[in-house]
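Okay, so here's the structure we're looking at.
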Amino acid sequence: MIIIPAIDLKEGRCVRLIQGDFGRMTVYDDDPVGVASAWKAQGAERLHVVDLEGSLAGVPRHEAVIRDIVAGTGLPVQVGGGIRAMQTVESYLRIGVRWVIIGTAALRDPGFVRNACREFPGQVILGIDAVGGRVAVQGWTEKTEETAAALAQQFVGDRPAALVYTDIARDGMQVGVNIEGTGELAETTGIPVIASGGVSGVQDIERLVAIEQKGVFGVIAGKALYTGALSLAEAIACGKGLLHGGEAAFRDRFEARSS
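Following this note's numbering, the numbering of the sequence shown begins with 2 at its first residue and continues without gaps.
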């Protein structure tokens, strides 16, 4: 189980929102590169970076900062927020981003997602953000009637590298991960899933490890890390120490998608 620290960017700063609400924002640091380096020093093997302003604008707003995070840490970085054109995908991959996360465009422009998966195999992650199982787009400001499962199923044949599933109602709330919904999505699609939203402590990592064989291979942690409710070192140890016997076969499947 890979533990992935989250770095959300707004106005060049590292922030956290509650349930995606810009009116409930906490600024944690003015130096996102320093934050990224600190997570690396604590054992992070991968980073999740979101351009919050980009998610609203539909175009990147923090490419320079993200480039500095990639260069400054040397860690594999997955980036989301405002990726709705092939030019943006190419630009991010050119500066060293390992994976791009496509969310809103999956619903609005599925052809773009399919083209990106074909042009950049193993480097496109599907981002599905949902409230009550229904997809939300445009920086979570627009709710739709599309279900997370139905949207994910449309792209199974395109072999995205992974799927980030965020339960918006839990995001920033530290109330526990949506274990059932995350596990079901991984099982029904066969796409490797990264859980997101609601991590409150090491007990959530333990619960996710228990469903790893369903296809859940990672979890994004944000507020719990920033508030100290979760120790990154402890979370990493939990993820590595409680892996199930089927882990090797599953990782082979994930690595095949990313190669």
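Using N, Cα and C, we set each Cβ at its ideal position, and we do this for glycine too.
Bear in mind the structure is a predicted one, so any value in this text is a computation, not a measurement.
Out of the options, which has the shortest C-alpha to C-alpha gap to residue i?
i: Gly59; options: Gly81, Arg68, Trp100; result: Gly81
i: Ile192; options: Arg109, Tyr166, Val203; result: Tyr166
i: Gly35; options: Leu18, Thr89, Ala72, Arg17; result: Ala72
i: Val157; options: Leu186, Val136, Arg135; result: Leu186
i: Gln178; options: Glu188, Asp159, Asp205; result: At residue 178 the sequence reads Val, which differs from the Gln that was named. Minimum Cα distance to Val178 is reached at Asp205.
i: Gly128; options: Leu108, Arg208, Gly240; result: Leu108
i: Ala7; options: Gly242, Lys241, Leu233; result: Leu233
i: Glu213; options: Leu152, Gly199, Ser201, Cys239; result: Cys239
i: Gly133; options: Ala230, Thr183, Ala162; result: Thr183
What distance in whole Å lies between the Cβ atoms of residue j and residue i, which are believed to be in contact at a cut-off of 8 Å?
i: Ile169; j: Ala131; result: 6 Å
i: Ile180; j: Ser197; result: 13 Å between Cβ atoms; not a contact.
i: Val209; j: Thr190; result: Position check: residue 209 holds Leu in this sequence, whereas Val was assumed. Contact doesn't hold; Cβ gap of about 17 Å is too wide.
Classify residue i: buried if its beta carbon has 16 or more other beta carbons within 10 angstroms, exposed otherwise.
i: Glu120; result: exposed
i: Ala117; result: buried
i: Gly83; result: buried
i: Asp32; result: exposed
i: Phe251; result: For Phe251, the predicted structure reports a pLDDT of 45, less than 50, and the residue's modelled location is therefore unreliable. The matter cannot be settled from this model.
i: Gln124; result: buried
i: Gln79; result: buried
i: Met2; result: buried
i: Gly242; result: exposed
i: Asp22; result: exposed
i: Gly199; result: buried
Since residue i is in the beta strand (DSSP E), which residue starts that stretch and which ends it?
i: Met2; result: Met2 -> no beta strand (DSSP E), and no H or E assigned at all.
i: Glu146; result: 143-148
i: Phe113; result: Here Phe113 belongs to no beta strand (DSSP E); instead the alpha helix (DSSP H) covers 111-120.
i: Ser197; result: 194-197
i: Arg17; result: 14-19
i: Asp130; result: 125-132
i: Ile206; result: Ile206 -> not in any beta strand (DSSP E); alpha helix (DSSP H) instead, spanning 203-210.
i: Gly219; result: 217-222
Specify, as a first and last residue, the run of the alpha helix (DSSP H) that residue i falls within.
i: Leu164; result: Here Leu164 belongs to no alpha helix (DSSP H); instead the beta strand (DSSP E) covers 163-168.
i: Gly81; result: Unbroken run through Gly81 is the beta strand (DSSP E), 78-81; no alpha helix (DSSP H).
i: Asp69; result: 64-74
i: Arg95; result: 87-95
i: Val36; result: 33-42
Item to check | Three CB pairs or more closer than 8 Å across the segment 24-38 and the segment 7-15 | outcome: yes
Checklist entry - Counting pairs of Cβ atoms below 8 Å between the segment 144-151 and the segment 48-64, do you hit three or more? => result no
Next on the checklist: I'd like to know if the segment 86-101 and the segment 34-45 are in contact, where contact means that at least 3 CB-CB pairs between them fall below 8 Å.
Outcome noted: no
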